[in-house]
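Engineer: Right, I'll just put the structure down here and ask away after.
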Amino acid sequence: MNSELISLGESLADFDNFGLSVLVKVLAILAVFFVVPLVVGYMEHKAMAHQQSRLGPMEAGPHGTLQLVADGIKFAQKEDIIPTAADKWVFAMAPGVALVPGILVFAVIPFGPGLWAIDLELGLFYALAIGSFSTLGVLMGGWASANKFSLIGGIRAAAQLIAYELPLILAAAAVVVQAGTMNLAGIVGAQATFMIEGTSINVWYVFPQALGFAIFFIAAMAELARPPFDMPIADSELVFGYMTEYSGIKFAMFLLTEYGGMVSMSALISVLYLGGWQIAPGVALPGCAGAGLFDCGALGVVMGLGVMLGKIMFLSFLMVWARVTYPRLREDQLQKMSWLVLIPLSLVNLAIVAVGKVVL
Amino acid sequence: MTAPGAGLLKGLGVTLKHMLKPAATQQYPHVRPDLAPRTRGVIALMTENCTVCMLCARECPDWCIYIDSHKETVPAAKEGGRARTRNMLDRFAIDFSLCMYCGICVEVCPFDALHWSPEFEYAEYRIGNLLHEMPRLREWADTVPPPPALDEGADLPKEVADALDKATAAIEAADQAKAAAEVEAAKPAATPAAAAAAAAAADGGAPRAKRAADIDIEVAVEIDQETYDQLIAEGKSERMARSKAKAAFVRKKKAEMLAAEGGGEAAPADAAALADPAAPAEAEAAAPAAPAAEAAAVEPARPRLADVELEGEVQIDQATYDRLIAEGTSERVARSKAKAAWVKAEKQKMIDEGGAE
């Protein structure tokens with residue numbers, strides 16, 4: 001293991017008993033991964049519906065709150081179809097290859113003071129690297145389905161990953177330059193102490209790096225293949241892209257990957273640009289000592305978790321809002337937008353931040 | 361010239377605005393839809409109005425209307441009239457899995473038997489169950505809203521106008537009769553009894569109406585069983601036998617009436633025409649029937665006829681034949697009787713000639 005991939009901050013789940021500690025962390029991550037995306041999914045159902053003058057799910061549970069649980073049961077009951085011509089092993093593994101990196105990203109995300117499984121020195125690097133793995137599962141699924149629509153969908157996903165990984169990482173690099181660390185909790189801490197030059201007004205990185213925030217947000221949506229960047233699925237052109245041949249629980253795993261990705265990307269954006277679990281710039285969490293970010297009591301931990309989840313929901317809502325509002329881009333428009341617009345802009349953003357960091 | 365990206369923000373504004381407005385969704389099973397009163401939900405059948413004219417089934421572009429019927433004979437409504445055949449509806453079904461709700465059947469129905477009903481909840485789990493039969497179609501007819509009110513100043517429907525006219529005329533007649541009676545009563549009455557009679561008449565046209573009803577009852581058609589049996593025995597159709605038996609009954613009745621009035625020979629035709637204006641020809645033909653029959657009964661009593669022998673082909677006495685046919689006698693009987701009459705007449709002629717010689 002790389003010597004720099006070491007844990008820094010103390011997690012709340014770090015007990016003397018190593019086995020128990022790991023068990024608690026794994027269960028906590030799984031709980032977050034299987035609950036929060038469902039809440040986001042329900043929010044998406046409802047937000048989309050109301051933006052389209054509909055009501056959305058209303059029958060399963062009060063106001064349809066249990067709709068996604070019902071959907072999960074439905075997927076579990078469905079027949080698991082594997083096409084005769086499919087490469088069976090690759091076909092069967094693809095949803096897992098897509099899903100597992102989505103879970104692993106949650107290991108480093110700080111959901112509040114001490115609410116992380118492991119606080120890596122290279123946390124941001126780890127999150128972006130592991131997150132990109134999901135596309136491998138998509139490519140595998142597209143190839144193994146032995147279906148032209150699936151294959152085109154998979155190839156599009158690969159092309160999209162290559163195009164948008166660059167602006168995503170360049171925008172994140174600017175944050176790393178400004179914060180001076182790749183540790184996610186450290187970035188949150190750096191934002192809590194970041195002042196506008198010459199004043200004592202605390203601001204988050206979204207203010208000096210509004211351009212970077214916009215680039216990261218757009219690139220994140222493209223990475224997740226969310227509309228208006230859902231060319232790998234493009235149901236009007238490719239049936240359902242790489243998911244065409246999938247059914248039942250495997251299809252559900254791809255869907256869960258997408259919604260889990262929305263949660264982890266939203267969490268990363270709020271950590272990088274929106275001050276993490278900080279309520280507002282310069283406002284300490286109640287019950288916390290010092291700068292009001294670490295060393296908190298039970299109330300502070302719960303508050304921090306709530307603030308973080310609120311920010312995740314808000315950012316997910318922005319993604320849904322964009323999805324409802326904008327039509328899908330054409331494949332060439334997608335590529336042009338990345339290579340001719342976002343990458344140059346992110347380079348400019350990185351240069352400005354670097355110069356500012358050195359000069360000021 | 362708008363700033364670049366303004367359209368993107370405008371789009372976000374549109375979706376946000378719609379999100380904050382109430383949804384257009386109607387939660388149907390929980391909330392009843394607010395439909396127009398004449399919503400075209402389903403086609404209802406007013407079974408009583410259907411005459412099985414088949415226009416709807418023929419016009420239906422989907423051929424989704426199924427009609428079965430049989431014919432029934434209905435006795436003539438009036439004395440001496442002809443019995444009518446009528447179509448009786450056995451089955452009327454609409455297959456709503458084929459129906460495209462064009463409403464042509466409703467438009468084309470000349471008897472207002474088909475209507476649009478606002479009912480729409482008749483979904484079925486099996487497509488075959490969408491074939492709805494008469495009872496269901498009739499139930500829907502009860503849900504049809506009443507026809508829209510007439511425009512102000514519009515003519516009344518013909519049936520209503522006729523009934524109103526009749527009622528008004530009756531009231532006026534009654535008023536006039538009353539007024540006349542009062543005038544009579546006001547004059548110095550010859551006797552108290554006459555005044556009392558006038559007052560009784562003034563009390564209303566009721567006695568008159570009652571008398572009219574009596575006449576109706578008298579005129580009510582009955583069948584002359586003898587004639588009927590005879591005709592049936594001759595192999596005539598039931599319908600024809602019935603109508604002829606009725607005619608025979610009418611003739612007998614008239615003969616009785618005439619006898620009661622004094623047996624005038626000239627009057628019967630008119631009286632018969634009065635009693636049954638629908639069949640004056642029959643009545644006229646019937647009037648001389650009685651004297652002719654009498655004559656026929658008397659003549660064979662003369663012994664001389666049998667003595668006379670007739671040569672050559674026997675002919676038919678056309679007058680007798682026509683009369684008998686008009687009386688409703690079968691053609692065979694009429695022909696033989698007419699022949700007998702001709703033979704009789706010829707013989708009489710020969711006797712008369714012989715007598716003259």
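Chains as they are written, first to last, in our numbering: chain P, 1 to 360; chain A, 361 to 717. Ideal Cβ placement from N, Cα and C applies to all residues, glycine included.
1) Starting from the C-beta of Ile575 (chain A), find all residues in its chain whose C-beta is less than 6 Å away, skip the five residues before and the five after it, and write them out in chain order.
2) List the residues of chain A whose Cβ lies closer than 8 Å to the Cβ of Leu55 (chain P), in chain order.
3) From Asp525 (chain A) to Gln387 (chain A), what does the alpha carbon distance come to, in whole angstroms?
4) Count the other CB atoms within 10 Å of the CB of Cys462 (chain A); is the residue buried (16 or more) or exposed (fewer)?
5) If you drop the 5 nearest sequence neighbours on each side, which residues of the same chain put their C-beta closer than 7 Å to that of Gln172 (chain P)?
6) Measure from the alpha carbon of Asp450 (chain A) to the alpha carbon of each residue in A:Ile685, A:Asp428, A:Gly441, then state which is nearest.
7) Looking at chain P, which residues of the stretch 428-452 of chain A have a Cβ within less than 8 Å of any of its Cβ atoms?
8) Under 8 Å between beta-carbons, which chain P residues line up against His378 (chain A)? List them in chain order, please.
9) Fully enclosed by the stretch 150-208 of chain P, which alpha helix (DSSP H) runs are 4 residues long or longer?
10) Tell me which residues share the same chain as Trp204 (chain P) and place their Cβ nearer than 8 Å to its Cβ, disregarding the 5 neighbours each side in the sequence.
11) Helix, strand or coil, according to DSSP, for Pro651 (chain A) in the structure here?
12) Would you report the Cα separation of Val35 (chain P) and Trp339 (chain P), rounded to the nearest angstrom?
13) For Leu372 (chain A) and chain P, any beta-carbon pair shorter than 7 Å?
14) Could you pull the start and end residues of the beta strand (DSSP E) that Val402 (chain A) belongs to?
15) Can you find a C-beta in chain P that's less than 7 Å from the C-beta of Thr718 (chain A)?
16) With 7 Å as the C-beta to C-beta threshold (strictly closer), list the residues of the stretch 309-332 of chain P near chain A in chain order.
17) Quick one: measure Cβ to Cβ for Val358 (chain P) and Gln178 (chain P), integer angstroms, because I've assumed they're closer than 8 Å.
18) Can you pull the chain A neighbours of Met58 (chain P), defined as C-beta to C-beta under 7 Å?
19) If the cut-off is 7 Å on Cβ atoms, which residues from the stretch 203-234 of chain P count as contacting chain A, listed in chain order?
20) Do you know offhand how far Ala601 (chain A)'s Cα is from Glu432 (chain A)'s?
21) Is there at least one non-hydrogen atom of the ligand PLP closer than 6 Å to the beta-carbon of Pro228 (chain P)?
22) Let me see if you follow: with CB-CB separation under 7 Å, is Thr411 (chain A) close to chain P or not?
23) Which residue wins for smallest C-alpha separation from Phe609 (chain A), given the options A:Glu586, A:Arg599, A:Gly401, A:Cys410?
24) Compute the Euclidean distance between the alpha carbons of Gln77 (chain P) and Gly248 (chain P), then round it to the nearest angstrom.
25) Is the distance from the Cβ of Phe149 (chain P) to the Cβ of Val239 (chain P) below 7 Å?
26) Quick check on Pro651 (chain A): buried or exposed, where buried means 16 or more other Cβ atoms within 10 Å of its Cβ?
27) With a threshold of 7 Å between beta-carbons, can Thr375 (chain A) be considered close to chain P, or not?
28) Expressed to the nearest angstrom, what Euclidean distance is found between the alpha-carbon atoms of Met379 (chain A) and Ala49 (chain P)?
29) At 4 residues or longer, what runs of the alpha helix (DSSP H) sit wholly inside the stretch 307-356 of chain P?
30) Check this for me: beta carbons of Thr407 (chain A) and Arg496 (chain A), under 7 Å apart or not?
31) Residues bridged to Val468 (chain A) by DSSP?
32) List the DSSP bridge partners of Val283 (chain P).
33) Note down, in chain order, every chain A residue with its Cβ under 8 Å from the Cβ of Ala70 (chain P).
34) Return the CA-CA distance between Glu237 (chain P) and Met58 (chain P), expressed in angstroms with no decimal places.
35) Hey, how far is the Cα of Glu258 (chain P) from the Cα of Met319 (chain P)?
36) Could you pull the start and end residues of the alpha helix (DSSP H) that Ala366 (chain A) belongs to?
Structural biologist: Inspection of the coordinates gives the following:
1) Numbered from its first residue, the second sequence carries residue 575 (chain A) at position 215. Confidence is the limiting factor: at Ile575 (chain A) the pLDDT is only 42, short of 50, which leaves the residue's position unreliable, though a coordinate-based value still follows. Nothing meets the Cβ criterion.
2) In the first sequence, residue 55 (chain P) corresponds to position 55, counting from 1. Against chain A, the beta carbon of Leu55 (chain P) has neighbours under 8 Å at Ala383, Thr385, Gln387, listed in chain order.
3) Locating residue 525 (chain A) in the second sequence gives position 165, where the first residue counts as 1. Locating residue 387 (chain A) in the second sequence gives position 27, where the first residue counts as 1. Asp525 (chain A) and Gln387 (chain A): Cα-Cα distance of roughly 54 Å.
4) For this step, residue 462 (chain A) is matched to residue 102 along the second sequence. Burial call: exposed.
5) Within the first sequence, residue 172 (chain P) is the residue found at index 172, counting from 1. The sequence as given places Ala at residue 172 (chain P); Gln does not occur at that position. Taken in chain order, the residues that qualify are Leu124, Leu128, Phe216, Leu272.
6) Residue mapping note: residue 450 (chain A) aligns to position 90 of the second sequence, counting from 1. Distance from the Cα of Asp450 (chain A) is smallest, within the candidate group A:Ile685, A:Asp428, A:Gly441, for A:Asp428.
7) Answer in chain order: no residues at all.
8) For the purposes of this step, residue 378 (chain A) is taken as residue 18 along the second sequence, with counting starting at 1. Within 8 Å Cβ-Cβ: His50, Gln51, Gln52, Ser53.
9) Fully enclosed alpha helix (DSSP H) runs of 4 or longer: 184-192.
10) As a working note, residue 204 (chain P) is residue 204 in the first sequence. Within the same chain, Gln191, Phe194, Tyr273, Leu274, Gly275, Gln278, Pro281 come within 8 Å of Trp204 (chain P) by CB-CB distance, once the 5 residues on both sides are set aside.
11) Indexing the second sequence from 1 puts residue 651 (chain A) at position 291. For Pro651 (chain A), the pLDDT reaches just 47, beneath the cut-off of 50, and the residue's location in the model is therefore unreliable, leaving the point undetermined.
12) As a position in the first sequence, residue 35 (chain P) is number 35, starting the count at 1. As a position in the first sequence, residue 339 (chain P) is number 339, starting the count at 1. In this structure, the straight-line span from the alpha carbon of Val35 (chain P) to that of Trp339 (chain P) is close to 36 Å.
13) Here residue 372 (chain A) is taken as the residue at index 12 of the second sequence, counted from 1. True, the Cβ-Cβ gap to chain P drops below 7 Å.
14) Along the second sequence, one-based indexing puts residue 402 (chain A) at 42. Looking at the DSSP string, the run of the beta strand (DSSP E) that includes Val402 (chain A) is 402-405.
15) Any answer about residue 718 (chain A) is impossible in this case: the structure gives chain A only from 361 up to 717.
16) Look at the stretch 309-332 of chain P: the residues with a C-beta under 7 Å from a C-beta of chain A are Trp321, Val324, Thr325, Tyr326.
17) Position 358 of the first sequence, counted from the start, is the residue given in the question as residue 358 (chain P). Position 178 of the first sequence, counted from the start, is the residue given in the question as residue 178 (chain P). Contact between Val358 (chain P) and Gln178 (chain P) does not hold, since the beta-carbon distance rounds to 11 Å and is not under 8 Å.
18) Within the first sequence, the letter at position 58 stands for residue 58 (chain P). Chain A residues near Met58 (chain P): Gln387.
19) Cβ contacts with chain A come from no residue of the stretch 203-234 of chain P.
20) One-based indexing of the second sequence puts residue 601 (chain A) at position 241. One-based indexing of the second sequence puts residue 432 (chain A) at position 72. Taking the straight line from one Cα to the other gives about 16 Å.
21) The model depicted lacks the ligand PLP and carries no ligand whatsoever.
22) On the second sequence, residue 411 (chain A) is found 51 positions in, with the first residue counted as 1. No, Thr411 (chain A) does not count as interfacial toward chain P.
23) Reading the second sequence from its first residue, position 249 is the one you call residue 609 (chain A). Of the candidates A:Glu586, A:Arg599, A:Gly401, A:Cys410, the one whose C-alpha sits nearest the C-alpha of Phe609 (chain A) is A:Glu586.
24) Translated into positions along the first sequence, residue 77 (chain P) becomes position 77. Translated into positions along the first sequence, residue 248 (chain P) becomes position 248. Those two C-alpha atoms are separated by around 7 Å.
25) Counting from one through the first sequence, the residue named residue 149 (chain P) turns up at place 149. Counting from one through the first sequence, the residue named residue 239 (chain P) turns up at place 239. With respect to the 7 Å criterion, Phe149 (chain P) and Val239 (chain P) are classified as neighbours on the basis of their beta carbons.
26) Counting from 1 along the second sequence, the entry for residue 651 (chain A) is found at position 291. Note that Pro651 (chain A) scores 47 on pLDDT, short of 50, meaning its location in the model is unreliable and no value can be drawn from it.
27) Counting from 1 along the second sequence, the entry for residue 375 (chain A) is found at position 15. By this cut-off, Thr375 (chain A) is an interface position.
28) Here residue 379 (chain A) corresponds to residue number 19 of the second sequence, with the count starting at 1. Here residue 49 (chain P) corresponds to residue number 49 of the first sequence, with the count starting at 1. Answer to the nearest angstrom: the Cα atoms are 8 Å apart.
29) The stretch 307-356 of chain P contains these whole alpha helix (DSSP H) runs: 331-336.
30) Taking the second sequence and counting its residues from 1, the one referred to as residue 407 (chain A) is at position 47. Taking the second sequence and counting its residues from 1, the one referred to as residue 496 (chain A) is at position 136. Their beta carbons are not under 7 Å apart, which means Thr407 (chain A) does not touch Arg496 (chain A) by this criterion.
31) What you label residue 468 (chain A) is simply residue 108 of the second sequence in a count that begins at 1. Bridge partners of Val468 (chain A): none, in fact.
32) The residue labelled residue 283 (chain P) in the question sits at position 283 within the first sequence. Beta-bridge pairing links Val283 (chain P) to P:Ala280.
33) Within the first sequence, the letter at position 70 stands for residue 70 (chain P). Per Cβ cutoff of 8 Å: no residues; Ala70 (chain P) is ~18 Å from chain A at best.
34) Position 237 of the first sequence holds residue 237 (chain P). Position 58 of the first sequence holds residue 58 (chain P). Going by the C-alpha atoms only, they are around 31 Å apart.
35) On the first sequence, residue 258 (chain P) is found 258 positions in, with the first residue counted as 1. On the first sequence, residue 319 (chain P) is found 319 positions in, with the first residue counted as 1. When rounded, the distance between both Cα atoms is 12 Å.
36) Position 6 of the second sequence holds residue 366 (chain A). Start and end: 366-380.
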